[in-house]
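Quick notes on the structure that follows.
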Amino acid sequence: MTENSLQVSSIEFSYGRTRALNGVSLNVEAGRFVALVGANGAGKTTLFSIVTGLYAAHAGDVSIMGHNLRAETLKALGKMGVVFQRTTLDMDLTILQNLRYAAELHGLSRKDARERISEGMKLNSLSDLGKRKVAGLSGGQRRRVELCRALLHKPALLLLDEPTVGLDMSSRAGFVEHVRSLCKQYNTGVLWATHLMDEVNHDDDIYVMARGEIIAQGRVSDLLAAHSVDNVTDLYNLITEDNKNVVESGA
Amino acid sequence: MSWLAALRCLRGVITREGLRFINQRGRFFSALVRPLVWLFIFAAGFRSVLGVSIIPPYETYVLYSEYITPGLLGMIMLFNGMQSSLSMVYDREMGSMRVLLTSPLPRWFLLFSKLLAGVVVAVIQVYVFLLVAWFWDIRPPVMGYILVVPALVLGGLMLGSLGLLLSSLVKQLENFAGVMNFVIFPMFFASSALYPLWRMLESSVVLWWICTLNPFTYVVELVRFALYGRIHWLALVVVVVCGVLFLGAAVIGYDPLRGFLARKDGGPRAG
Chain A
1 MTENSLQVSS
11 IEFSYGRTRA
21 LNGVSLNVEA
31 GRFVALVGAN
41 GAGKTTLFSI
51 VTGLYAAHAG
61 DVSIMGHNLR
71 AETLKALGKM
81 GVVFQRTTLD
91 MDLTILQNLR
101 YAAELHGLSR
111 KDARERISEG
121 MKLNSLSDLG
131 KRKVAGLSGG
141 QRRRVELCRA
151 LLHKPALLLL
161 DEPTVGLDMS
171 SRAGFVEHVR
181 SLCKQYNTGV
191 LWATHLMDEV
201 NHDDDIYVMA
211 RGEIIAQGRV
221 SDLLAAHSVD
231 NVTDLYNLIT
241 EDNKNVVESG
251 A
Chain B
252 MSWLAALRCL
262 RGVITREGLR
272 FINQRGRFFS
282 ALVRPLVWLF
292 IFAAGFRSVL
302 GVSIIPPYET
312 YVLYSEYITP
322 GLLGMIMLFN
332 GMQSSLSMVY
342 DREMGSMRVL
352 LTSPLPRWFL
362 LFSKLLAGVV
372 VAVIQVYVFL
382 LVAWFWDIRP
392 PVMGYILVVP
402 ALVLGGLMLG
412 SLGLLLSSLV
422 KQLENFAGVM
432 NFVIFPMFFA
442 SSALYPLWRM
452 LESSVVLWWI
462 CTLNPFTYVV
472 ELVRFALYGR
482 IHWLALVVVV
492 VCGVLFLGAA
502 VIGYDPLRGF
512 LARKDGGPRA
522 G
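The structure is reproduced here in structure tokens:
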């Protein structure tokens, strides 16, 4: 049986009286690339905030590599790397200073940090830019620094919340492929939130979110076959349209 | 996570704060100019008007400029504590606070590390101020320069904890300026930083009570006594107790389950 990097069970969350997540469950198997798709406001970022421990779910459970986020918070957080929707790098510092800071937050020794930073910068084509301030980098380069940072402590789970927002087409495609190859190389489970359907491949797993609920899930190729469509955009439109009709007729 | 890893994390947070401090020289100079203006202009102007009689820890009559020096050290710690909490609101809005809060260490330790990093920066500012003041003939006993360190650290931690608590209550950066005005200035002026409490008592009993209940008064007195090689026990107790209370409340404020942040209708809701 394949190990789950991430297991989310029946999550409920509200902002005051506004329900943001309603019984959301999903799994990310080790080494799999899982796309979490949905329009803006579907609840993806709220779900990320809960999985990263920034918000506490009002009901439900989150486990990372078998560690319950509520009961074994530190173990769970230690297995996770995150790239947030908005850049969270320190603009005034250099790439190396940002990466050293992250390594120390994860308790890495100076020797380990040096080795992993060097390896990560090489993998992310940043080797010559170490002393550059983040403020002077392009959007694509910043994202690569954030990816490098998220992988420094070799997490079993990588969470990326709309990481390609603001990138041009070629940087976007390059970045997605780069994450896929790293995910395979290190057997890391990836949860990739996006509203851009061209970032989803046919052999990915997909969860479709709308109005705080998962309305469809499965292997993309299986869903394409089941709905008799040949691309992910049509599949998404079909699923969300069907769901909208069901909700409206139910109402 | 081991203690070694926790110490590495602490080193990381302090280093980052130090690098930011070096990169933001304007912040350093403005933090230094403020108390120097008070010392050079305000204290000089009131020197002949305000005499200070012999009160502990002073063993003789002191000039007004000497009296307000500990108050100005407190001012540096107060502004720095609020400044670092302001940077936390900014970090929260900009997102870098998330990187800290998703680290695999207890949240209280992460917040304490952030506080301590701010205090380290403030203590450096205090010593630069004391160096300039030395040329202005403000010369406490040599031992005072060393003994004041623990008082500055404790006072800085208490004021930083208060700032941290405020930052957890404030939803947006813009709101923080208002809080600063309602907290910093009343705390500073309604304390023993600029005038001894007995002078307050002569003019208004109510004001005296406000000053007596103001925790900043005790930071100033702790620093004042330490600078002259003595311990103000009541101030020490008040500073430690208030520090623990403020930090405890701030940790609750940053707790995702119980905190004010969890109850707010804010946060990342884009997707």
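Respectively, the protein sequence lines represent chains A and B.
Sequential numbering from 1 applies to the first sequence in the working numbering.
Sequential numbering from 252 applies to the second sequence in the working numbering.
Every residue gets a Cβ at the ideal spot worked out from N, C-alpha and C, and that includes glycine.
Within-7 Å CB hit, residue i to chain B
| i | result |
| --- | --- |
| F175/A | no |
| V82/A | yes |
| G107/A | yes |
| T263/A | Since the first and last residues shown for chain A are 1 and 251, residue 263/A lies out of range. |
| D92/A | yes |
| G189/A | no |
| G60/A | no |
| G78/A | yes |
| E119/A | no |
CB of residue i within 7 Å of CB of residue j, strictly
| i | j | result |
| --- | --- | --- |
| G38/A | L158/A | no |
| V371/B | I265/B | yes |
| I319/B | A294/B | yes |
| K75/A | A156/A | no |
| S25/A | S5/A | no |
| A30/A | G189/A | yes |
| S419/B | Y505/B | yes |
| G43/A | A20/A | yes |
| E12/A | A59/A | yes |
| Q7/A | S63/A | yes |
| L167/A | G140/A | yes |
| V220/A | D204/A | yes |
| N237/A | I215/A | no |
| R289/A | L99/A | Outside the shown range of chain A, which is 1 to 251, sits residue 289/A, and nothing can be said about it. |
| L160/A | W192/A | yes |
| E104/A | R262/B | yes |
When the options are compared against residue i, the one with the closest alpha-carbon
| i | options | result |
| --- | --- | --- |
| S335/B | Y309/B, L417/B and P392/B | L417/B |
| H131/A | N40/A, V28/A and M91/A | For clarity, residue 131/A is Lys in the given sequence; the question names His instead. It is M91/A. |
| V28/A | G66/A, R19/A, L137/A and G60/A | G66/A |
| Y315/B | I292/B, F380/B, A373/B and L337/B | I292/B |
| M348/B | L108/A, Q97/A and F84/A | F84/A |
| H106/A | G429/B, R259/B, V288/B and L496/B | R259/B |
| V374/B | F363/B, P392/B and M326/B | M326/B |
| L367/B | I503/B, G407/B and N274/B | G407/B |
| V491/B | F386/B, W289/B, Y469/B and R481/B | Y469/B |
| P308/B | W484/B, A501/B, F386/B and I503/B | W484/B |
| G429/B | F476/B, M333/B and S443/B | M333/B |
| L36/A | M209/A, S181/A, S14/A and E177/A | M209/A |
| A282/B | I461/B, L329/B and S412/B | L329/B |
| M394/B | A441/B, T353/B and R481/B | R481/B |
| P401/B | A477/B, P392/B and W254/B | A477/B |
| V471/B | S455/B, V457/B and V489/B | V489/B |
Chain A within 7 Å of residue i, Cβ atoms only
| i | result |
| --- | --- |
| S338/B | no |
| L366/B | no |
| N331/B | no |
| D516/B | At D516/B the pLDDT is 43, less than 50, meaning the model places this residue with poor confidence; the figure from the coordinates comes in the next sentence. Chain A, which has a Cβ nearer than 7 Å to the Cβ of D516/B, makes this yes. |
| R259/B | yes |
| A256/B | yes |
| Y505/B | no |
| A521/B | Its pLDDT being 45, under 50, A521/B is placed unreliably in this model, and the coordinates cannot settle the point. |
| R475/B | no |
| G369/B | no |
| S347/B | yes |
| S419/B | no |
| S442/B | no |
| P307/B | no |
Heavy atom of the ligand ATP within 6 Å of residue i beta-carbon
| i | result |
| --- | --- |
| A135/A | The model on display carries no ligand, and the ligand ATP is accordingly not part of it. |
Per DSSP, the bridge partner or partners of residue i
| i | result |
| --- | --- |
| A216/A | V208/A |
| T194/A | V37/A |
| F13/A | L21/A |
| H67/A | I64/A |
| L123/A | The partner list for L123/A (beta bridge, DSSP) is empty, contrary to what the question assumes. |
| L26/A | V8/A |
Going along the region 386-399 of chain B in order, which residues come within less than 9 Å of chain A, judged by CB to CB distance? none
Any residues in the region 259-284 of chain B with a beta carbon nearer than 8 Å to a beta carbon of chain A? Which ones, in chain order? R259, C260, R262, G263, V264, T266, R267, L270, R271, N274 and Q275
Near-chain B residues of the region 47-74 of chain A - C-beta to any C-beta below 7 Å: S49, T52, G53, L54, Y55, A56 and L74
Given a limit of 8 Å on CB to CB distance, which residues of the region 212-243 of chain A reach chain B? none
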